[in-house]
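In this note's numbering, the protein residues as written are 121 to 373. Report on the structure given below.
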């Protein structure tokens, strides 16, 4: 295990970094450390034994891939904190674009990054607190840098890796530095211009914008034209019955 008081000249000011050789999950480690942290902290595990994605799904992390969590206090309501998923997607897009042609990348609502149509990265947000503002927000990020795990049967978007799709080889520690800098830039945009700027940046790279897609919720399946995301981050589909705002779903196309 190592905690880096000075992780290098390119690391963004105001952020700490912890690198672990092995951890059950960086999200779990972030929760364990939350009360003792004095600044936003990136926690990276070279190996995760129990990594997880959305809805409790397992997230495999072969060696050479990135598994990391940013934990911090954003001074935001739960609804505002949830919008950081779009900030995270923008930061991931810009970080990946350093190592592969950006025209091959796209963002899939609500929280995946696609490379040549396959899933190269995923995002998971968790927050704690019962008051008007969250106590802590954890932003978990997994990126297939070197290799992709086998696709599960029936999966809509097969996992791919940056290296496997022709991107440049990059070590997880190096990519984390690029990502942390990109995140800090996005936080600066949010502070200066509000969520509308984050939303506009996300829409510029959205997969299948203006095309017909399907959103599968816990209750039903909605097919319609992907029109936009609204000011709350909801997916807006134009259906035969008019516009539908969808807060949470799995998207297929």
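For each residue, glycine too, the CB sits at the ideal point set by N, CA and C. Remember, it's a predicted structure, so these values are computed and weren't measured experimentally.
key: Residue range of the unbroken beta strand (DSSP E) whose run includes residue 162   = Residue 162 sits at position 42 when you count from the first residue of the chain shown. From DSSP, the beta strand (DSSP E) with residue 162 extends over 161–165.
message = Would you call the region 354–371 in contact with the region 260–269, where contact means no fewer than 3 C-beta pairs closer than 8 Å?
response = Contact between the region 354–371 and the region 260–269 is not established, with fewer than three Cβ pairs separated by less than 8 Å.
ask   = For residue 205, which three-state DSSP category applies?
value = To locate residue 205, count along the chain shown from 1; it is residue 85. If DSSP states are grouped into helix, strand and coil, residue 205 belongs with the helices.
message = Can you tell me whether residue 203 is buried or exposed? The criterion is at least 16 other CB atoms within 10 Å of its CB, across all chains shown.
response = Residue mapping note: residue 203 aligns to position 83 of the chain shown, counting from 1. Per the 10 Å Cβ criterion, buried.
ask   = By a C-beta neighbour count over all protein chains shown, 10 Å radius and 16 as the cutoff for buried, is residue 189 buried or exposed?
value = Counting from 1 along the chain shown, the entry for residue 189 is found at position 69. The residue is buried, with at least 16 neighbouring Cβ atoms inside 10 Å.
request  = Would you mind reading off the limits of the beta strand (DSSP E) that contains residue 266?
outcome  = Taking the first residue of the chain shown as position 1, residue 266 is located at position 146. Note, residue 266: premise wrong, no beta strand (DSSP E); not H, not E.
message = I need the straight-line Cα distance from residue 256 to residue 301, nearest angstrom please.
response = Mapped onto the chain shown, residue 256 falls at position 136. Mapped onto the chain shown, residue 301 falls at position 181. Those two C-alpha atoms are separated by around 20 Å.
query = Is there contact here, the region 163–171 with the region 330–343, by at least three beta-carbon pairs under 8 Å?
reply = no
key: Which listed residue (230, 252, 362) has its alpha carbon closest to that of residue 193   = For this step, residue 193 is matched to residue 73 along the chain shown. Ranking 230, 252, 362 by Cα distance to residue 193 puts 252 first.
query = Who are the near neighbours of residue 218 in its chain, counting only those whose CB is closer than 7 Å to its CB and skipping five residues on each side?
reply = Looking up residue 218 in the chain shown gives position 98. Answer for residue 218: 298, listed in chain order.
inquiry  = On the criterion of 16 or more Cβ atoms from any shown chain inside 10 Å, does residue 231 qualify as buried, or is it exposed?
reply    = Here the question's residue 231 lines up with position 111 in the chain shown. Buried, because 16 or more other Cβ atoms sit within 10 Å of the Cβ of residue 231.
key: Buried versus exposed call for residue 146 [16 or more other C-beta atoms within 10 Å across all chains shown]   = In the chain shown, residue 146 corresponds to position 26, counting from 1. With 16 or more Cβ atoms within 10 Å of its Cβ, residue 146 is classed as buried.
query = Using the beta-carbon count (16 or more within 10 Å), is residue 127 buried or exposed?
reply = For this step, residue 127 is matched to residue 7 along the chain shown. So residue 127 ends up on the buried side.
inquiry  = I'd like the list of long-range same chain contacts for residue 248, defined as Cβ closer than 6 Å, with 5 residues on each side in sequence excluded.
reply    = The residue given as residue 248 occupies position 128 in the chain shown. In the same chain as residue 248, and ignoring 5 residues on each side of it, the C-beta atoms closer than 6 Å to its own belong to 255, 256, in chain order.
ask   = Nearest-angstrom Cα distance between residue 293 and residue 363?
value = As a first step, residue 293 is located in the chain shown; it is residue number 173 there, counting from the start. As a first step, residue 363 is located in the chain shown; it is residue number 243 there, counting from the start. Residue 293 and residue 363 have their C-alpha atoms roughly 43 Å apart.
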